[in-house]
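Asks:
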Amino acid sequence: MPRFAANLTMMYTEHAFLDRFAAAAKDGFKAVEFLFPYDFPAADIKARLVDNGLTQALFNAPPGDWAAGERGIAALPGREDEFRQSVAKSLEYAAVLGNEKLHVMAGLIAPEQPRAQHRAVYLRNLEYAAKEAQKAGIGIVIEPINTRDIPGFFLNRQDDAQAICDEIGAPNLQVQFDIYHCQIVEGDIAMKLRRDMKRPNAGIGHIQIAGVPERHEPDIGELNYPYLFDLIDSLGYAGWIGCEYKPKAGTSNGLGWLKPYL
């Protein structure tokens, strides 16, 4: 049976952030994820997790200046010191919140910028992050993201992400398989899940879902999610599936798709 984590950045936005934990638990979720925890003390978030019997599944390392449009710094030359500080900060939060996965965003690259240089920086930074996270028993995941939603994002394809993980060879570095992004860029979701789930190295460390193309509930759009959930189960995936979608009309009212899995 698949296990779902509510994404509290996109879901339950009708509530203040710290009140979203109780709302998710009331609807039957056993875990949560979100983009960033850094606007709140880790102890305050931990209290909401404990009070509501929730597991923290995932959050992202600091992405640079998000408000100014940055979407990660791991592949940005000249930002290495800032990246190392971001890794330290995210591991401090993870030590309190208890999640075993941490997502590191690559960042944006313009068409005229030297891709090979960015890739070399990305690999060095990921190797550093994986080594630091391994000391704490934390896994690092990297996520291919479609360039329709985030134009210029450095990492876009599942096979490229797997190749990067293979090249680094860290045992705690894996790919975050966001089905929404993968469908937009590549399609052929089921075959890619089969290909990557059982890889001897790297593999899939976290899965996220949303309907395609509007990024609403998974029962809206072009994908047959019940089939994919059954497939994910059959492949032996035991991690959380993050619900990183924008509810079409109120979070709780749109959870009919979840009821068979509670």
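16 is the number of the first residue of the sequence shown in the working numbering; add one for each residue after it. Glycine included, each C-beta is placed from N, C-alpha and C at the ideal position.
(1) Would you list, in sequence order, the uninterrupted beta strand (DSSP E) runs of no fewer than 3 residues that lie entirely inside the region 116-171?
(2) Roughly how far, in whole angstroms, is the beta-carbon of Tyr137 from the beta-carbon of Ala89, given that I think they are within contact range, below 8 Å?
(3) From which residue to which residue does the beta strand (DSSP E) around His221 run?
(4) When DSSP labels each residue in this structure, what does Leu188 get in the three-state scheme?
(5) Within its chain, find whatever has a CB closer than 7 Å to the CB of Gln173; leave out the 5 residues flanking it on each side and keep chain order.
(6) Confirm, please, whether the CB-CB distance from Ser101 to Ala76 is below 8 Å.
(7) Would you mind sorting Phe55 into buried or exposed? The rule is 16 or more other CB atoms within 10 Å of its CB.
(8) List the residues that DSSP assigns as beta-bridge partners of Cys258.
(9) Rounded to whole angstroms, how far is the Cβ of Asp181 from the Cβ of Ala144, which I believe are closer than 8 Å?
(10) Could you work out which residue in Arg63, Trp81, Arg214, Tyr260 is closest to Glu229 when comparing CA atoms only?
(11) Taking only three categories from DSSP, how would you classify Ala39?
(12) Whole angstroms is fine: what's the gap from Pro215's alpha carbon to Pro186's?
(13) Which whole-angstrom value describes the C-beta separation of Phe5 and Ala21, a residue pair presumed to lie in contact below a C-beta threshold of 8 Å?
(14) Gly79 and Gly122 - do their beta-carbons sit closer together than 8 Å?
(15) Rounding to the nearest angstrom, what Cα-Cα distance links Lys104 and Leu69 in this structure?
(16) Can you give me the C-alpha to C-alpha distance between Met16 and Asp42, rounded to a whole angstrom?
(17) Can you list, in chain order, the residues of its chain with a C-beta nearer than 7 Å to that of Gly269? Leave out the 5 residues immediately preceding and following it.
Replies: Working from what's here:
(1) Listed in chain order, the complete beta strand (DSSP E) runs (minimum 3 residues) inside the region 116-171 are 116-118, 154-157.
(2) Your numbering for residue 137 matches position 122 in the sequence shown. Your numbering for residue 89 matches position 74 in the sequence shown. The Cβ separation is near 6 Å, so the contact holds.
(3) Taking the sequence shown and counting its residues from 1, the one referred to as residue 221 is at position 206. Unbroken beta strand (DSSP E) run through His221: 219-224.
(4) Within the sequence shown, the letter at position 173 stands for residue 188. DSSP places Leu188 in strand when its eight states are reduced to three.
(5) Taking the first residue of the sequence shown as 1, we reach residue 173 at position 158. Here the set comprises Pro159, Val190, Phe192, Cys197, Glu201, Lys207, Asp211.
(6) As a working mapping, residue 76 is identified with position 61 in the sequence shown. As a working mapping, residue 101 is identified with position 86 in the sequence shown. Yes, Cβ-Cβ distance for Ala76 and Ser101 is below 8 Å.
(7) As a first step, residue 55 is located in the sequence shown; it is residue number 40 there, counting from the start. When all chains shown are included, Phe55 counts as exposed.
(8) Start at 1 with the first residue of the sequence shown, and residue 258 comes out as number 243. In the DSSP secondary-structure assignment, Cys258 is bridged to Ala21, Ile224.
(9) Start at 1 with the first residue of the sequence shown, and residue 181 comes out as number 166. Start at 1 with the first residue of the sequence shown, and residue 144 comes out as number 129. Not confirmed; about 16 Å, so no contact.
(10) The residue given as residue 229 occupies position 214 in the sequence shown. Checked all of Arg63, Trp81, Arg214, Tyr260; the closest Cα to Glu229 is Tyr260.
(11) Taking the sequence shown and counting its residues from 1, the one referred to as residue 39 is at position 24. Helix at Ala39.
(12) If you number the sequence shown from 1, residue 215 lands on position 200. If you number the sequence shown from 1, residue 186 lands on position 171. Pro215 and Pro186: Cα-Cα distance of roughly 10 Å.
(13) Outside the shown range of the chain, which is 16 to 277, sits residue 5, and nothing can be said about it.
(14) Here residue 122 refers to the residue found at position 107 when the sequence shown is read from its first residue. Here residue 79 refers to the residue found at position 64 when the sequence shown is read from its first residue. Yes.
(15) Position 89 of the sequence shown, counting from 1, holds the residue named residue 104. Position 54 of the sequence shown, counting from 1, holds the residue named residue 69. Looking at the two C-alpha atoms, the distance is approximately 22 Å.
(16) Walking along the sequence shown from the start, residue 16 turns up at place 1. Walking along the sequence shown from the start, residue 42 turns up at place 27. If you take the alpha carbons of Met16 and Asp42, they lie about 17 Å apart.
(17) Numbered from 1 along the sequence shown, position 254 holds the residue referred to as residue 269. The residues are Glu232, Pro262, Lys263.
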